[in-house]
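Residue numbers (the working numbering): 1 to 157.
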């Protein structure tokens, strides 16, 4: 790309993103007003309880993994892999112990919870992402500068 159009593109994109930042909006929220629809709100209402249960079930493992990583890992490139490894190993071990306990004490609710824990934990992360998208789109759809920001984004070529 020649230098002149490249500099113009940088200037346009820079001014657009600074205007977005000044307005307190995100690009995805501005471009996807459908994320603030009633259907998304309905999903958020229906999914609140499973997401809360998933968060509560997975929280001890995430907390333990973060504590160990904060105390022992010094290099940033190893943080994610150690977090995932610790949470997986402790989750599998605790799940096995709780499953055996529920099996020997005849507690079907505990067996169900242990078997659903990975799915509920994933759902809590998915729910959080959907909730953040909904909030960003809702904020952008109500913002008074929405039309001007969309025009400014469309002008970037």
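Ideal placement from N, C-alpha and C gives every residue a C-beta, glycine not left out.
- Taking the Cα of residue 57 as reference, the smallest distance to any Cα among 27, 134, 114 and 127 is reached at 114.
- C-alpha of residue 47 to C-alpha of residue 25: approximately 25 Å in a straight line.
- When C-beta atoms of the stretch 31 to 48 are compared with those of the stretch 131 to 148, three or more pairs fall below 8 Å, so the two segments count as touching.
- Pairing residue 51 with residue 127 gives a Cβ-Cβ distance under 8 Å.
- The C-beta of residue 112 has fewer than 16 other C-beta atoms within 10 Å across all chains shown, which makes the residue exposed.
- With fewer than 16 other Cβ atoms inside 10 Å of its own Cβ, residue 125 counts as exposed.
- Between residue 44 and residue 123, the alpha-carbon positions lie close to 12 Å from each other.
- For residue 130, the uninterrupted alpha helix (DSSP H) run begins and ends at 108 to 142, by DSSP.
- Here the stretch 59 to 69 makes contact with the stretch 84 to 93; the two share three or more CB pairs at distances below 8 Å.
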